[in-house]
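Colleague: Each number in this note's numbering corresponds to the 1-based position in the sequence shown with 11 added. Glycine included, every Cβ here is placed at the ideal spot set by N, Cα and C.
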Amino acid sequence: SFWSTLKTEFYDRKEWRTRNEARKAVARWIEIVYNRRRRHSSIGMVSPVDFEAQLADQNGNKKAAA
Numbered sequence: 012s013f014w015s016t017l018k019t020e021f022y023d024r025k026e027w028r029t030r031n032e033a034r035k036a037v038a039r040w041i042e043i044v045y046n047r048r049r050r051h052s053s054i055g056m057v058s059p060v061d062f063e064a065q066l067a068d069q070n071g072n073k074k075a076a077a
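1) Can you tell me where the alpha helix (DSSP H) holding T19 begins and where it ends?
2) State the Cα-Cα distance for the pair D10 and R28, rounded to the nearest angstrom.
3) With which residues is V57 paired in a DSSP beta bridge?
4) Taking the continuous alpha helix (DSSP H) assigned at K25, which residues delimit it?
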C-alpha cells in the first residue's frame, strides 16, 4: 500500500527538524519518486516514465519510416 511504501522507503530513513520540513519533503518524494515509478492501470500497468519512453520509441520509429 501507499502508506507502507511511504513509511518504509521514506519516513524510516530520515529525520527532520520541523513538521513543515517533513511535509515539504513528503510532497517532493510523492511527486518525484512515487508518482513516476508507480504502475498505472490506465496506461497498461507500466510506470509513467516507462510509458513515455515507449511512446517516444513508437513516434521515433514512425518518423524514421516516413
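Modeller: On the basis of the data shown:
1) The continuous alpha helix (DSSP H) containing T19 extends over residues 13-20.
2) Since the first and last residues shown for the chain are 12 and 77, residue 10 lies out of range.
3) Its beta-bridge partners are H51.
4) From DSSP, K25 is part of no alpha helix (DSSP H); its letter is neither H nor E.
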